[in-house]
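Participant: Position in the sequence shown (first residue = 1) + 1142 = the working numbering. Just so you know, even glycine gets a beta-carbon here, dropped at the ideal spot from N, CA and C. Bear in mind that the values here come from a model prediction, so they are computed numbers and not experimental data.
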Amino acid sequence: MGSVSSYFGQLCGNEKKGEDERHLRANDRPFNLSYHYANNAIKTSKYNIITFLPLNLFEQFRRLANAYFLFLMILQVIPQVSSLSWFTTAVPLILVLSITAVKDASDDINRHKSDKQVNNRMVDVLIDGQLKKEKWMNVQVGDIIKLENNEFVTADLLLLSSSEPLNLVYVETAELDGETNLKVKQALTVTGELGDNIGALASFNGEVRCEPPNNRLDKFKGILSLDGQTYALDNDKVLLRGCTLRNTEWCFGLVIFGGPDTKLMQNSGKTTFKRTSIDHLMNVLVLCIFGFLASMCTVLAIGNAIWEFNEGSVFTAFLPREQGVDSGLSSFLTFWSYVIVLNTVVPISLYVSVEIIRLGNSFFIDWDRKMYYPKSDTPAQARTTTLNEELGQIKYIFSDKTGTLTQNIMTFNKCSINGKAYGELFDFARKRVEITEKTEKVDFSWNRLADPKFDFHDHSLMETVKDGNLEAQAFFRLLALCHTVMPEEKNEGELYYQAQSPDEGALVTAARNFGFVFRQRTPETITVMEMGRQVVYELLAVLDFNNVRKRMSVIVRSPEGKLTLFCKGADTIIYERLHPSCNQLKGVTTRHLNEYAGEGLRTLVLAYKDLDESYMDGFKRRHHEASTAMDGREERLDELYEEIEKDLMLLGATAVEDKLQDGVPQTIEQLAKADIKIWVLTGDKQETAENIGYSCNMLREDMKDIFIVAANTAEGVKEELENARRQMCPDSVDKPSVIKERAGLFWLQKTETVQDEKVDGDYGLVINGHSLAFGLEKNLQLELLRTACMCQTVICCRVTPLQKAQVVQLVKKYKQAVTLAIGDGANDVSMIKAAHIGVGISGQEGMQAVLSSDYSFAQFRYLQRLLLVHGRWSYLRMCKFLRYFFYKNFTFTFVHFWYAFFCGFSAQTVYDEWFITVYNLVYTALPVLGMSLFDQDVNDRWSFQYPQLYTPGQLNMYFSKKAFVRCMMHSCYSSLILFFIPWAAIYDTVRDDGKDIADYQSFALLAQTCLLFVVSIQLCLDTHYWTAVNQFFIWGSLAAYFAITFTMYSNGMFFIFTGAFPFIGTARNSLNQPNVWLTIFLTSLLCILPVVALRFIVILLRPTINDKVRYKMRKEALPASAPPKRRMRISTRRSGYAFSHAQGYGDLVTSRKFLLRPLKSRPALVIQTDSPLAQNQPQHYRTIKEEPEGSQSP
């Protein structure tokens, strides 16, 4: 598709040349239009009214069978060749093309509607000195636009001015990186002076030179030239399309990139035409069948030439040849006649049936109540109907983290204060009580500033604080002071916190509810309501967080003049800096931390230190000198921080839960047992991703090692990857084992497959975004792939949307495995489009992922049902369908081949022409559809009970080239029986009244009746799950055959349509003879008995896992689900640091660079949590050892 559109683009002169640099001038459209920059309209659709028909037909005729049937239809128009009417091919072909075209058109209309909705949004644009409402699609590069609070950013903008002090704006970037916390952007001072003065903005004529359009979300380089001065531009001065303006009344921006040039669109992958591996295999098989068909027709044409030469002259007296037709030309025409007669090896009904089966299985997904999420009224949805069976072959899953595995909701669960643990409930026997939704909650009604959404169940903590316990009050005082949270208060008492990380917001909210309410902040002060009393602390310094320090401290002076340093951070970091007097308390707190970590909670240790004035004066002086130094600033500050952050006094520890979606650990465990590898690709920082990895049981304590790749150079990344690989497999060679093969249609596609390497034990790999960028380079990507695929779990942190897609494409290219990507935000769209299967979760980050996905639902846990039940059933049904369909049609066709040797190679059909017409459309259509829509090897509960049942799909064991060859051999045997047994039985045979019945019409009726009985019995043998529908279709088809046959062979039909129904009386004259029914029975027995015997031997000697589970299912009932129990993860590891915000916000809160007046509020998000459901209960597993697979029975 891409090459075709590119070719037409070149013909039309529209091929866009790459930019080296972008140059634009504000408020000068003629100047900017001269560069032919893209406008702000976006297009995600594939077709328009003009291109739909040619492009869609082009896509459909890329399916080789469709092109073949078009060719066949043309052949049937030629009278000298045709032995069947042209419409027998034309009607089904047009039907298939039409159904597919309507489906494709419907999908594309939805894309057009989505594009139209976005392009027609309105925004204020400064035109001719006035603000005018314009559609987004009409915005041009160089325009100045005005945005207001809660509006989407229209294009990639250079921020000029804002309503906030110091030209700050707050933006939410969930659409870009999946993070819902706010980011701060700041305009240049020189442009900030423009304010909202329309005249000044209209006369602004600055010129911007910057980098060309690219997909790097975290970098921007450019310069602004204004009044002879040059100003540097970086990413902090740019607002990207996809962001949302928050807590900012208004701002003005200059459009730099529009529409397809914006970084959001540059990170969105192209809309591709996805096809399953079975589709690709069918294309290859159809090509092979064409070759086989040509071979059969060639053999028969040669036979015709020999027969015409040797025997044909004898018949010319009463069958004269047409003028000019000799044996050679007769042979040539016979070749094409047999192409038509034998075309049923690939009937058009195959593709009609495939589409119906896929559509039916898609409806089963849509209708599945166990994948319906009642809280948001969201059912599962199959947004495409062409990929169902590929859901049963997934080997790699690539998942986003925030909003996909987690709810992106942090809750303060437990804490340890001065050696006492809070948060657990015990009964009178000191046994732990499980906390449920019905458990009584702590009453915070006494605190008018408490957050009503905050829940806590341990009443003893509230009593301890109210009783005036100094350690407990100091604990919550620290949480209320040591942070970088921004408060906003719309109405008196209605507080909202804007935190750089949800976990930090959870800690401040906990302090708020327990009586220490963070109320207001200025650069020099922090105002806290302590148990109803307002206290203003002087903020002297913020010792900011970074990835090396893994802690944060603040130094404050109380109203009484007491100086205190409050510090919170990772336990290992804080413990090194504690005063020796805390050793006993440290031991008790460590035990609590181990319990919290065992439950997957994110832990943090709190400590404090009292300071004296004289030391603080010297520290402030040295801190000022270090912070203003040009050289070695970071090192000097670190030395100062190390000096003051020592001899700390331990207060306790917090435990915050990053709430996983219900059933996530169980789902991941199930998928792992199905031998599916899960990679997490997230934009979050490393510590956050690691914590979720442990919570989900993706990273486990029993893993031999977890490798961290975080080098900043290509050489460093290579060394870390090689060291990890050698540690996992000391015998591994330096160069990977790459198998090069040819595949695809005409074997033109070259494939490279990196072989899996055996590893003893489980390992994990965590890699940072900057290291991943080096790893994805051409010279390192195979090393990255080798090392990652040797690990049980891979987590990629701080990755861009494009990197997510590149990781997926790397695995697709070199592993030749089916991939699935799942996400919930716009930053996951490119990954979803790149994978074989894209799944969107309708969560809190918009609907972009859902709109780009192939399947969608509301909760991650539904993925196991989608794959292990619907996916496996769909794959199993499609493979059964194909095996049976090829069997019945090859059997049908081979009988023609054997008959050719007895009819002078004359292209005469062995069956009645009406039987040929309705064989695939009526007699055998519904039974095979019934099996392909309803069949189950085991039910859904047993599918969950034994996830190993999923493995055969990954290995393509149910349908492959070998399985196809076995079908052909089975068909060849059946056709020999079906032709020669009736032929021998009816040869020189007389009726019971002595009359001869050895005529062509009687033989044709006997052969086709035997054929229909044999294929029906074979279908019954293949069916594992019987329903009333299956029974009706089987018996109904046989009844329809006899009803139609007796009708068409009746006297009345012959008299009305004499030429169309020549088999007058054949049915009633033949089917009333006992020897005919005996022949039918004997033929059926000889065809079916070897199949039954072979299957019995295979199941007895080399049973598959499906055979074993079906045997167990018949012998025993499935155990009932165990009662819910607490998930405990025994662990010695504790969360490194609960923060997930970026470095540098300590400087922001002390530099006046934030809102000094009350902030504008935004609507509070209503957060719903799911109740415990049956899906969240533990699964029971039984490991069944599978013996090596033998050849599949026919």
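1. If you reduce the DSSP assignment to three classes, tell me which class residue 1577 lands in.
2. Contact between the segment 1758 to 1769 and the segment 1715 to 1733 is defined here as three or more beta-carbon pairs at a separation below 8 Å; is this criterion met?
3. One question on the structure: do residue 2121 and residue 2040 come within less than 8 Å of each other, judged by their Cβ atoms?
4. Considering residue 2087, what are the terminal residues of the alpha helix (DSSP H) in which it resides?
5. Report the residue ranges of all beta strand (DSSP E) runs contained in full by the segment 1817 to 1884; include only those spanning at least 3 residues, in chain order.
6. Alpha helix (DSSP H) containing residue 1946: first to last residue?
7. Residue 1161 to residue 1354, Cα distance in whole Å?
8. Kindly indicate the opening and closing residues of the beta strand (DSSP E) around residue 1794.
9. On the DSSP letters alone, give me the boundaries of the alpha helix (DSSP H) that residue 2178 sits inside.
10. Is it buried or exposed, residue 1721, if we count other Cβ atoms within 10 angstroms and call 16 or more buried?
11. Starting from the N-terminal side, write out each stretch of the beta strand (DSSP E) that is 3 residues or longer and does not extend beyond the segment 1263 to 1319.
12. For residue 1121 and residue 2231, I'd like the C-alpha separation in whole angstroms.
13. Do residue 1267 and residue 1166 have their CB atoms nearer than 8 Å?
14. Using the three-state DSSP reduction, which class does residue 1586 fall into: helix, strand or coil?
15. What number of angstroms, rounded off, separates the C-alpha of residue 1359 from the C-alpha of residue 1826?
16. Who are the near neighbours of residue 1598 in its chain, counting only those whose CB is closer than 6 Å to its CB and skipping five residues on each side?
17. Would you list, in sequence order, the uninterrupted beta strand (DSSP E) runs of no fewer than 3 residues that lie entirely inside the segment 1972 to 2017?
18. Which class does residue 1474 belong to by DSSP, given the choice of helix, strand or coil?
19. Quick check: the segment 1295 to 1304 against the segment 1377 to 1389, are at least 3 beta-carbon pairs closer than 8 Å?
20. Answer yes if the segment 1431 to 1447 comes into contact with the segment 1471 to 1485, meaning at least three C-beta pairs across the two stretches below 8 Å, and no otherwise.
21. With DSSP as the reference, label residue 2162 as helix, strand or coil.
22. Nearest by alpha-carbon distance to residue 2154: which of 2170, 2167, 2172, 2182 is it?
23. Quick check: the Cα distance between residue 2049 and residue 2038, rounded to an integer number of angstroms?
24. For the pair the segment 1734 to 1745 and the segment 1602 to 1616, tell me if three or more CB-CB distances fall below 8 Å.
25. Answer with yes or no whether the minimum CB distance from residue 2072 to chain C is below 8 Å.
26. Given residue 1254, which residues of its chain have a CB within under 8 Å of its CB, disregarding the five upstream and five downstream residues?
27. What are the start and end residues of the alpha helix (DSSP H) that includes residue 1196?
28. Buried or exposed for residue 2347, please, with buried defined as at least 16 other CB atoms from any protein chain shown within 10 angstroms of its CB.
29. How is residue 2250 classed by DSSP in three states: helix, strand or coil?
30. So, helix, strand or coil for residue 1439, using DSSP?
31. Considering only their Cβ atoms, is the gap separating residue 1963 from residue 1950 smaller than 8 Å?
32. Can you list the beta strand (DSSP E) stretches of 3 or more residues lying completely in the segment 1607 to 1670, in chain order?
33. Pair every Cβ in the segment 2069 to 2077 with every Cβ in the segment 1792 to 1800, then say whether three or more of these pairs are closer than 8 Å.
34. Within a Cβ cutoff of 7 Å, which residues of the same chain sit near residue 1390, ignoring the five residues on either side of it in sequence?
35. Under 8 Å, with one C-beta from each stretch per pair, do the segment 1892 to 1903 and the segment 1927 to 1947 reach the 3-pair mark?
Facilitator: This is what the structure holds:
1. Coil, per DSSP.
2. They do not touch, by the three-pair rule.
3. In contact: residue 2121 and residue 2040 (Cβ atoms closer than 8 Å).
4. It spans 2082 to 2087 - the alpha helix (DSSP H) in which residue 2087 sits, taken as one unbroken run.
5. The qualifying runs are 1819 to 1823, 1847 to 1851.
6. Unbroken alpha helix (DSSP H) run through residue 1946: 1943 to 1957.
7. Cα to Cα, the separation comes out at about 6 Å.
8. Start and end: 1791 to 1802.
9. Going by DSSP, residue 2178 is part of the alpha helix (DSSP H) stretching over 2170 to 2190.
10. By the neighbour-count criterion, in which a residue is buried when 16 or more other Cβ atoms sit within 10 angstroms of its Cβ, residue 1721 is exposed.
11. Listed in chain order, the complete beta strand (DSSP E) runs (minimum 3 residues) inside the segment 1263 to 1319 are 1264 to 1269, 1272 to 1277, 1286 to 1290, 1298 to 1304, 1310 to 1314.
12. Nothing about residue 1121 can be reported from this structure: the residues present for the chain run from 1143 to 2336 only.
13. Going by C-beta atoms, residue 1267 is not nearer than 8 Å to residue 1166.
14. Coil.
15. Near 14 Å, if we compare the C-alpha coordinates of residue 1826 and residue 1359.
16. The residues 1584, in chain order, have a CB closer than 6 Å to that of residue 1598 in the same chain once the five nearest residues on each side in sequence are set aside.
17. If we require 3 residues or more, the beta strand (DSSP E) runs fully inside the segment 1972 to 2017 come out as 1979 to 1983, 1997 to 1999.
18. Under the three-state reduction of DSSP, residue 1474 is assigned to helix.
19. The segment 1377 to 1389 makes contact with the segment 1295 to 1304: 3 or more CB pairs, one atom from each, lie closer than 8 Å.
20. With a cut-off of 8 Å, the segment 1431 to 1447 and the segment 1471 to 1485 count as touching, because enough Cβ pairs lie within range.
21. Three-state result, residue 2162: helix.
22. Its Cα nearest to that of residue 2154, the residue 2182 stands out among 2170, 2167, 2172, 2182.
23. Their backbone Cα atoms lie some 9 Å apart in a straight line.
24. No, because fewer than three Cβ pairs between the segment 1734 to 1745 and the segment 1602 to 1616 fall closer than 8 Å, the two stretches do not touch.
25. Within the model displayed, chain C is absent; a lone protein chain is all it includes.
26. Result list for residue 1254: 1187, in chain order.
27. Looking at the DSSP string, the run of the alpha helix (DSSP H) that includes residue 1196 is 1194 to 1203.
28. The requested residue 2347 is not part of the displayed model; the chain covers only 1143 to 2336.
29. Here residue 2250 sits in helix by DSSP.
30. Here residue 1439 sits in helix by DSSP.
31. In this structure, residue 1963 lies closer than 8 Å to residue 1950 by Cβ.
32. Counting only runs of 3 or more residues that sit fully inside the segment 1607 to 1670, the beta strand (DSSP E) segments are 1628 to 1631, 1637 to 1640, 1658 to 1663, in chain order.
33. Flag = no, the segment 2069 to 2077 and the segment 1792 to 1800 do not touch.
34. Here the set comprises 1291, 1304, 1305, 1306, 1311, 1312.
35. The answer is yes - the segment 1927 to 1947 touches the segment 1892 to 1903, with three or more Cβ pairs under 8 Å.
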